[in-house]
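Input: a single structure, listed below in C-alpha cells.
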Amino acid sequence: MSHIAPRTRAYKPSIWNYDFIQSLKIDDNTLQDKVYKDELKFVEEKVKHMIDYEDDDINILTTLEFIDDIQGLGLGYHFEEGITRALDKLLNNIHGQGTNQSLHLTALSFRLLRQHGFEVSNDVFGRFTGGNGSLKAWICKDIKGLLSMYEASYFAFEGKNLLDESLAFSIIYLKNHSGANATKGLAEQVSDALELPLHHRMQRLEARRYIEAYSKKPDANQVLLEIAKRDFNRVQCNAHSKGIFKKYQGNKFVPLIYAIFGKRESNKELGVVDKSGCSSNTIDDVYDVYGTLDELELFTSAVERWDIKAIQILPGYMKLCFLALYNTVNEMVYDTLKEQGEYVLPYVIKLNKDAASASPFTKEFVKAAINLARISQCIYQYGDGHGAPDTRAKNGILSVITDPI
Numbered sequence: 003m004s005h006i007a008p009r010t011r012a013y014k015p016s017i018w019n020y021d022f023i024q025s026l027k028i029d030d031n032t033l034q035d036k037v038y039k040d041e042l043k044f045v046e047e048k049v050k051h052m053i054d055y056e057d058d059d060i061n062i063l064t065t066l067e068f069i070d071d072i073q074g075l076g077l078g079y080h081f082e083e084g085i086t087r088a089l090d091k092l093l094n095n096i097h098g099q100g101t102n103q104s105l106h107l108t109a110l111s112f113r114l115l116r117q118h119g120f121e122v123s124n125d126v127f128g129r130f131t132g133g134n135g136s137l138k139a140w141i142c143k144d145i146k147g148l149l150s151m152y153e154a155s156y157f158a159f160e161g162k163n164l165l166d167e168s169l170a171f172s173i174i175y176l177k178n179h180s181g182a183n184a185t186k187g188l189a190e191q192v193s194d195a196l197e198l199p200l201h202h203r204m205q206r207l208e209a210r211r212y213i214e215a216y217s218k219k220p221d222a223n224q225v226l227l228e229i230a231k232r233d234f235n236r237v238q239c240n241a242h243s244k245g246i247f248k249k250y251q252g253n254k255f256v257p258l259i260y261a262i263f264g265k266r267e268s269n270k271e272l273g274v275v276d277k278s279g280c281s282s283n284t285i286d287d288v289y290d291v292y293g294t295l296d297e298l299e300l301f302t303s304a305v306e307r308w309d310i311k312a313i314q315i316l317p318g319y320m321k322l323c324f325l326a327l328y329n330t331v332n333e334m335v336y337d338t339l340k341e342q343g344e345y346v347l348p349y350v351i352k353l354n355k356d357a358a359s360a361s362p363f364t365k366e367f368v369k370a371a372i373n374l375a376r377i378s379q380c381i382y383q384y385g386d387g388h389g390a391p392d393t394r395a396k397n398g399i400l401s402v403i404t405d406p407i
C-alpha cells in the first residue's frame, strides 16, 4: 500500500476548557423547594386518575396525548409505572378498537407502545391502505394524522414494510402542506419534526424546547407546565451539586451525555460514558484527519467483523485505536455478563428492534444505547459540533446545563 501523508486540521480550542468548566455555577435553591414537591404530588395524583380511562376513542386519545406531553416536558421518568400500566391496558384492547379510529390516534398509540417496549404490529395501519396496499389518498389532507404517522414511522423495524412507505408519503405531504389546513401551532410542530424527528432528539434539549412550545398552547395545563419548569431546573442543579462536569471535564462528550439523559446517572454509568467519549474522540480524529480512504475501509471492515485477528492488516496507529475500542466494548460486555448473566455483544446492532421485543438487554441498557446513538445527530446536525463547535452548539448545551428556565 502506497504511503499517503495524512491530512492536517487546525482544531479550535475546546469550548469546554478547564477554566470554563470551573466557572459553571447555578442557584441550587430549587433543591429545597417545598412548593415543587407539593405540586409534584398533585400531578402524580392527576396522572393516576387519567390512567383509569374509559375504553372509548376520546378518553384513550386524551390519555395518550397527556402521556406524550408528560414525556415531552421531561417528566416521564417520574411516572414510568403509571405510563406502562396505561399502555399495557391499551395493548390489551388494541384489537378491539373500532375501524373508525383516527390516523392520529392509531399512530400515536403505535409510537408510544413501541417506545416503551411493547410488541405491536404495523398491521394497525392496514385500515388506512387501499386494495393495492398503498396509503389512501385522503390521508394527505389530514395534517395532524400525517405528522403522527411520520413520527411513528421512525420506530419501524428493519426491512421493507408499510412504515417505510408511510415515512416517504408523510414527508412529501408535510413539506407541501397548505397553511390554510394547519393552525400556527401545528405548522410549527411540522417544521420542528421535519428538521428532526422525536426519535432522534436528545432528551434534555427536547425538554427545554418542548416546555417553551407547550407554554404557548392555549389549552396548556399550567400546573403541569410549572412542575416541568421546576423539575428541569432541579435536575440541572443536581448535576452541578454532584460535580459531574468538573469531574469529567477532560471529556467534551459529557455535557452532551447529560443533555441526553438528564437524570441522576451513577458514577459507574458516567465512567462508561467517559471511556466511550474518549474512544469516540480518537476514532473521530482517525476518520477526520489521519486515515486515508484505503486505511479507513480496512478499519471499518475490522470493526464490522469484530475480529481481533483483523488487527494484523491495519497500519500501526490504527492497531492501537482498534485495540482500545475492542477492549473498551468487550469490558462493558463482560460487566453485563458478570452482573446480569447475559452476553449482549451479538445484539448491539439490533437495538431499535430490541427496544420493542423480548431481548436479553434490560430496558435501561437499550434506552442508554439508543440515546448514545443520538449524539452523532446532535453533534453534526449543523456542522462539526465536535471538532469546531459554533455558538449555536455551545448555546444549545448551555441552555441545558447552566441556564435555568
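Residues 3 to 407 in our numbering are what the sequence shown spells out, letter by letter. Glycine is no exception: its CB is placed at the ideal position from the N, C-alpha and C atoms. None of the values given here were measured: they were computed from a predicted structure.
With C-beta atoms as the reference, is E299 less than 8 Å away from E41?
As a first step, residue 299 must be located in the sequence shown, where it is residue number 297. As a first step, residue 41 must be located in the sequence shown, where it is residue number 39. In this structure, E41 does not lie closer than 8 Å to E299 by Cβ.
With distance defined between alpha-carbon atoms, name the residue in D70, L115, L75, L176 nearest to L92.
The count along the sequence shown starts at 1 and reaches residue 92 at position 90. Ranking D70, L115, L75, L176 by Cα distance to L92 puts L115 first.
Can you tell me whether DSSP reads L137 as helix, strand or coil?
Indexing the sequence shown from 1 puts residue 137 at position 135. In the structure shown, L137 sits in a strand (DSSP, three-state: E or B).
When DSSP builds the beta bridges, which residues end up paired with T131?
For the purposes of this step, residue 131 is identified with residue 129 of the sequence shown, where counting begins at 1. Per DSSP, L137.
Within a Cβ cutoff of 7 Å, which residues of the same chain sit near K231, ignoring the five residues on either side of it in sequence?
Within the sequence shown, residue 231 is the residue found at index 229, counting from 1. Excluding positions up to five away in sequence, the list reads I213, I407.
Can you tell me the Cα-Cα spacing of F216 and I85, whole angstroms?
The residue given as residue 216 occupies position 214 in the sequence shown. The residue given as residue 85 occupies position 83 in the sequence shown. Reading off the sequence, residue 216 comes out as Tyr, not Phe. Y216 and I85: Cα-Cα distance of roughly 20 Å.
Assuming M320 is part of the alpha helix (DSSP H), what are its boundary residues?
Taking the sequence shown and counting its residues from 1, the one referred to as residue 320 is at position 318. Note, M320: alpha helix (DSSP H), 318-342.
Considering Cα atoms alone, identify which of A312, I313, D309, L325 is closest to T284.
Position 282 of the sequence shown, counting from 1, holds the residue named residue 284. From the listed residues A312, I313, D309, L325, the smallest Cα separation to T284 is found for L325.
Pull up the distance between the alpha-carbon of T294 and that of D287, whole angstroms please.
Walking along the sequence shown from the start, residue 294 turns up at place 292. Walking along the sequence shown from the start, residue 287 turns up at place 285. Taking the straight line from one Cα to the other gives about 12 Å.
What would DSSP say about I407, mapped onto helix, strand or coil?
As a working note, residue 407 is residue 405 in the sequence shown. Correct three-state label for I407: coil.
Could you tell me whether the stretch 196-207 touches the stretch 141-156, using the rule of 3 or more Cβ pairs below 8 Å?
Three or more pairs of CB atoms, one per stretch, sit closer than 8 Å, so the stretch 196-207 contacts the stretch 141-156.
Quick check on DSSP: helix, strand or coil for Q205?
Start at 1 with the first residue of the sequence shown, and residue 205 comes out as number 203. Q205: helix per DSSP, three-state reduction.
State the start and end residues of the unbroken alpha helix (DSSP H) segment that holds F301.
Start at 1 with the first residue of the sequence shown, and residue 301 comes out as number 299. Per DSSP, F301 belongs to the alpha helix (DSSP H) from 295-307.
Please name the residue, chosen from Y319, A209, I310, that lies closest to E297 on a Cα-to-Cα basis.
Residue mapping note: residue 297 aligns to position 295 of the sequence shown, counting from 1. Comparing Cα positions, the closest option is Y319.
Grouping DSSP H, G and I as helix and E and B as strand, with all else coil, what is K43?
Stepping through the sequence shown from its first residue, residue 43 is reached at position 41. In the three-state reduction of the DSSP assignment, K43 falls in the helix class, which pools H, G and I.
Consult DSSP for N235 and reduce its assignment to one of helix, strand or coil.
Here residue 235 is taken as the residue at index 233 of the sequence shown, counted from 1. Three-state result, N235: helix.
According to DSSP, is L33 part of a helix, a strand, or is it coil?
Residue 33 sits at position 31 when you count from the first residue of the sequence shown. In this prediction, L33 has a pLDDT of 48, which is less than 50 and means its spatial position is unreliable; nothing more can be read from the coordinates.
For R113 and R211, what's the separation of their Cα atoms in angstroms?
Translated into the one-based positions of the sequence shown, residue 113 becomes position 111. Translated into the one-based positions of the sequence shown, residue 211 becomes position 209. Cα to Cα, R113 sits roughly 20 Å from R211.
So what does DSSP say about F68, is it helix, strand or coil?
Stepping through the sequence shown from its first residue, residue 68 is reached at position 66. DSSP places F68 in helix when its eight states are reduced to three.
Quick one: what does DSSP say D392 is sitting in, helix, strand or coil?
One-based indexing of the sequence shown puts residue 392 at position 390. D392: coil per DSSP, three-state reduction.
Once you ignore the five residues that flank E190 on each side, which residues in its own chain have a CB closer than 8 Å to its CB?
Position 188 of the sequence shown, counting from 1, holds the residue named residue 190. These residues qualify, in order along the chain: A215.
Confirm, please, whether the CB-CB distance from D70 to L226 is below 8 Å.
For the purposes of this step, residue 226 is identified with residue 224 of the sequence shown, where counting begins at 1. For the purposes of this step, residue 70 is identified with residue 68 of the sequence shown, where counting begins at 1. For the pair L226 and D70, the CB atoms are not nearer than the 8 Å cut-off.
How far does the alpha helix (DSSP H) with G147 in it reach, from first residue to last?
Counting from 1 along the sequence shown, the entry for residue 147 is found at position 145. Per DSSP, G147 belongs to the alpha helix (DSSP H) from 145-155.
If we call anything under 8 Å between Cβ atoms a contact, is H118 one with S150?
Position 116 of the sequence shown, counting from 1, holds the residue named residue 118. Position 148 of the sequence shown, counting from 1, holds the residue named residue 150. No, these two residues do not count as a Cβ contact at 8 Å.
Which first and last residues belong to the alpha helix (DSSP H) in which K177 is found?
For the purposes of this step, residue 177 is taken as the residue at position 175 of the sequence shown. That run of the alpha helix (DSSP H) goes 164-177.
Does DSSP put R266 in a helix, a strand or coil?
For the purposes of this step, residue 266 is identified with residue 264 of the sequence shown, where counting begins at 1. A caution first: R266 carries a pLDDT of 49, below 50, which makes its placement in the model too unreliable to give a value.
My output table needs one value for K218: the three-state DSSP class, helix, strand or coil.
Against the sequence shown, residue 218 aligns to sequence position 216. Coil, per DSSP.
Please report the residue range of the alpha helix (DSSP H) in which E197 lies.
By 1-based counting over the sequence shown, the position of residue 197 is 195. Looking at the DSSP string, the run of the alpha helix (DSSP H) that includes E197 is 186-197.
How about F120 and L89: are their beta carbons less than 8 Å apart?
As a working mapping, residue 120 is identified with position 118 in the sequence shown. As a working mapping, residue 89 is identified with position 87 in the sequence shown. For F120 and L89, yes; Cβs fall inside 8 Å.
Only counting the same chain, and skipping five residues up and downstream in sequence, which positions put a Cβ closer than 8 Å to that of D392?
Stepping through the sequence shown from its first residue, residue 392 is reached at position 390. Cβ neighbours of D392 beyond the five flanking positions: Y384, G385.
Taking the Cβ atom as the reference point for each residue, do T330 and S401 lie within a distance shorter than 8 Å?
Position 328 of the sequence shown holds residue 330. Position 399 of the sequence shown holds residue 401. In this structure, S401 does not lie closer than 8 Å to T330 by Cβ.
Going by DSSP in three states, E160 sits in which element: helix, strand or coil?
In the sequence shown, residue 160 corresponds to position 158, counting from 1. Coil.
Quick one: what's got a C-beta closer than 6 Å to A109's C-beta in the same chain, skipping five residues either side?
The sequence position of residue 109 within the sequence shown is 107, counting from 1. Contacts found: S150, M151, A154.
Can you tell me where the alpha helix (DSSP H) holding N95 begins and where it ends?
As a first step, residue 95 is located in the sequence shown; it is residue number 93 there, counting from the start. Here the alpha helix (DSSP H) through N95 covers 82-95.
What separation, rounded to the nearest whole angstrom, lies between the Cα atoms of L322 and N397?
Locating residue 322 in the sequence shown gives position 320, counting from the first residue. Locating residue 397 in the sequence shown gives position 395, counting from the first residue. If I take the Cα positions, the gap works out to 35 Å.
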